[in-house]
Amino acid sequence: MNDCRALLHVLTVSLLVLTLDADSEECFLQMKVRRNTVYEASVGQELRINCTIAFCNSSPPAVTWIKLNKKLVPVNMSSDIKTEWKMLKDFEGVSYLTFQNIHKRDSGVYQCESDGDVSHYINISVYGGVPSHTLENDALDGSDSDQDSLNYTDTEGPVALDSSHSFVFGLVRTLIFIFGMIVIIICVTSKPKCKGKTRTTANRQSSCSQQDVTIYENDL
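Numbers -22 to -1, 1 to 198, taken from mature numbering (1 follows the signal peptide of the UniProt record, and there is no 0), label the letters of the sequence shown in order.
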């Protein structure tokens, strides 16, 4: 029985350690922007580019759009340039940068930035006439099923907690839990039953041996 208790204590401590290790795993932002993303538009058109971000906290992160112009400079908001945040699902959303009336000076390389992490380059080319090709990337607005087909594995900087590690931790915890239940069942079923020993106390009857008493009368 002592061996069972010791084994159960070891299993309990192991589960606690695994739980603490899983909770202490760091989680980072993940910028889901494809490499070599290119947008083309004509002067005066409305163009919207996007940056999907997976985050760890319950509140959405602050997102800044920057433009590469010899150095990274923040994009100045104006009546023609707007930003918008939209939640896609839990812990994931998309930041939009919309050019309502795009100009040729808006051509260049853009990135979205949050908490010190930046996305891949997003190249915008603005033409004076009708563009030869306009890339419409509306898959990230949550309405297109092609969103899942985008390849987000090749991203810069730290990424969110690796799902494979989460799976391994969950699997190990499950196996330890199952093993612990088996040990408990074995300990319970193999517990020796206390059989009470019935002690029969013999009723000893004290038999008084009666002796014949002969009374002699003395003749006085």
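Idealized CB from N, CA, C, for every residue including glycine.
Quick caveat: nothing in here was measured; it's all calculated off a predicted structure.
Per DSSP, glutamate 18 is one residue of the beta strand (DSSP E) stretching across 15 to 20.
Excluding sequence positions up to five before and after tyrosine 105, its CB lies within less than 6 Å of the CB of Ser20, all in the same chain and listed in chain order. Ranked by Cα distance from arginine 83, the first of Cys165, Asn47, Gly158, Gly148 is Asn47. In the three-state scheme derived from DSSP, where H, G and I count as helix and E and B as strand, cysteine 29 is classed as strand.
Going by beta carbons, proline 38 and isoleucine 44 fall outside the 8 Å limit. Beta-bridge analysis with DSSP links lysine 67 to Glu70. Annotation: the continuous beta strand (DSSP E) that includes asparagine 47 extends over 42 to 47. Per DSSP, asparagine 101 is one residue of the beta strand (DSSP E) stretching across 100 to 105.
According to DSSP, valine 150 shares a beta bridge with no other residue.
When beta bridges are read from the DSSP output, aspartate 95 appears opposite Ser92. For alanine 32, the number of other beta carbons within 10 angstroms of its own is at least 16, and it is reported as buried. Residue pairing by DSSP places lysine 60 opposite Thr76 in a beta bridge. Here the alpha carbon of aspartate 93 sits roughly 52 Å from the alpha carbon of isoleucine 164.
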